[in-house]
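Here the structure is laid out as C-alpha cells; the discussion comes afterwards.
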Amino acid sequence: RITEMGLLRLTTNPAVAALPSHLRLKGSLFDIKTTGTSPEQVFLSAVIPSQSDPVNLDLYAWDGAAWSPLGNPSAEVACLAVMPNGDLVAGGAFAAVGSVAIPNLARWDGSVWSAFPAGPIGTVAALRLLPNGDLLVGRGTSIDRWNGAGWVTLGAVTGGAVRALLDLPNGEIVAAGSLQQIGNAAASNLAQWNGSAWQPLGAGSNGTVHSLMRLPSGQLLAGGMFTVAGTVRIDGLGVWNGTAWGPLGAG
Numbered sequence: 007r008i009t010e011m012g013l014l015r016l017t018t019n020p021a022v023a024a025l026p027s028h029l030r031l032k033g034s035l036f037d038i039k040t041t042g043t044s045p046e047q048v049f050l051s052a053v054i055p056s057q058s059d060p061v062n063l064d065l066y067a068w069d070g071a072a073w074s075p076l077g078n079p080s081a082e083v084a085c086l087a088v089m090p091n092g093d094l095v096a097g098g099a100f101a102a103v104g105s106v107a108i109p110n111l112a113r114w115d116g117s118v119w120s121a122f123p124a125g126p127i128g129t130v131a132a133l134r135l136l137p138n139g140d141l142l143v144g145r146g147t148s149i150d151r152w153n154g155a156g157w158v159t160l161g162a163v164t165g166g167a168v169r170a171l172l173d174l175p176n177g178e179i180v181a182a183g184s185l186q187q188i189g190n191a192a193a194s195n196l197a198q199w200n201g202s203a204w205q206p207l208g209a210g211s212n213g214t215v216h217s218l219m220r221l222p223s224g225q226l227l228a229g230g231m232f233t234v235a236g237t238v239r240i241d242g243l244g245v246w247n248g249t250a251w252g253p254l255g256a257g
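Using the working numbering, the final residue of the sequence shown is 257, and nothing's skipped along the way.
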C-alpha cells in the first residue's frame with residue numbers, strides 16, 4: 007500500500023506492472039493513493055506522457071484490473087488525497103483539469119471534476135486527510151484546513167513552501183518543506199502545530215524536507231535534501247523521537 011509521497015511502501019506491483027507501454031514515469035515527482043477494500047483502487051498522479059499528447063500530464067485510476075484516465079491537468083499535480091466518501095482531491099500548479107477551470111485544488115467525485123468553495127489561493131504542494139475527515143492543504147503562502155463547511159487558515163508561510171504534512175496521534179500537526187517561518191514561529195524547514203500555535207520542531211534541518219511518515223514506533227521519519235537535522239549529521243533521512251533528531255540507519 008502506498009500512503010506517503012516520497013517515502014513509499016509499495017505493494018501494488020500488479021498495478022505498476024500493468025501500466026500501458028506508452029506510460030513511463032518521468033522524474034521523481036509522483037504521488038499514489040489507495041482507497042477502498044481489496045482489490046483497492048489506486049490513483050496515480052505522475053509526470054507521464056499521454057497516448058494522445060506526449061506533453062500533457064494525466065491522472066489515472068487503477069480499478070484492480072486496468073488503468074483509466076481521469077483527466078488532463080494543465081500543469082503539474084503534486085499531491086493527492088482521498089476523502090472519507092471516496093472523492094479524490096488533487097493539488098498542484100494547474101489552472102484547469104480538462105476543460106474545467108479549477109485552479110490548484112480539484113475534487114473528483116467519480117464522474118466529474120469540481121472546485122472547492124472559494125478560499126485561500128496559491129499553488130498546492132501538500133495534502134493530508136485528518137482522522138476527523140478534515141483536509142489540510144499546504145500552499146506556497148499558507149497552511150489551510152477544510153472542515154467540510156469552510157476554510158480555516160492555520161498559519162501564513164514565508165520564505166519557502168510547504169511540501170509535506172503529517173498529523174500525530176496526539177492531534178498535533180507537522181509541516182515540512184523549504185520554510186523560514188510559519189505564523190509567528192521561525193522554522194528551519196520543519197514546524198509543529200500544537201492546536202493553537204506553530205513552534206519549531208527541534209532545530210529543524212539545513213535543507214528541504216520533502217516527505218514525512220510515522221514509524222510503527224510512533225517516531226517521526228523525515229526525508230529530503232538535507233545533511234543535518236538538529237545538530238546531528240544526517241544524510242537525507244532523519245528520525246525525531248519527540249525530543250531530538252537522529253539518523254535512520256546509514257541514511
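In this text, a Cβ means the ideal position worked out from N, Cα and C, and glycines have one as well.
Contact between the segment 129-146 and the segment 156-169 is established, with three or more Cβ pairs separated by less than 8 Å. For P126, the CB contacts under 7 Å within the same chain, skipping 5 residues up- and downstream, are R145, S148, D150, W157, T159 in chain order. Taking a C-beta distance under 9 Å as the contact criterion, G210 and A193 qualify as a contact pair.
Non-local beta-carbon contacts of N247 in its own chain, meaning distances under 7 Å to residues more than five positions away in sequence, involve Q225 in chain order. Assigned with DSSP and collapsed to three states, P123 falls in coil, not helix or strand. When secondary structure is reduced to three states using DSSP, T159 falls in the strand class. When secondary structure is reduced to three states using DSSP, G70 falls in the coil class, being assigned neither helix nor strand.
Assignment of M89 by DSSP, reduced to helix, strand and coil, places it in the coil class. A residue is called buried when at least 16 other Cβ atoms come within 10 angstroms of its Cβ; A71 does not meet this threshold and is exposed. Between V238 and L221, the C-beta gap is not smaller than 9 Å, which leaves the two residues out of contact. Note that the C-beta distance between T214 and N195 is below 9 Å. Comparing C-alpha distances from L65 to each of N153, P175, T233, V103 shows the shortest one belongs to V103. By the CB criterion at 9 Å, P90 and L135 fall inside the cutoff.
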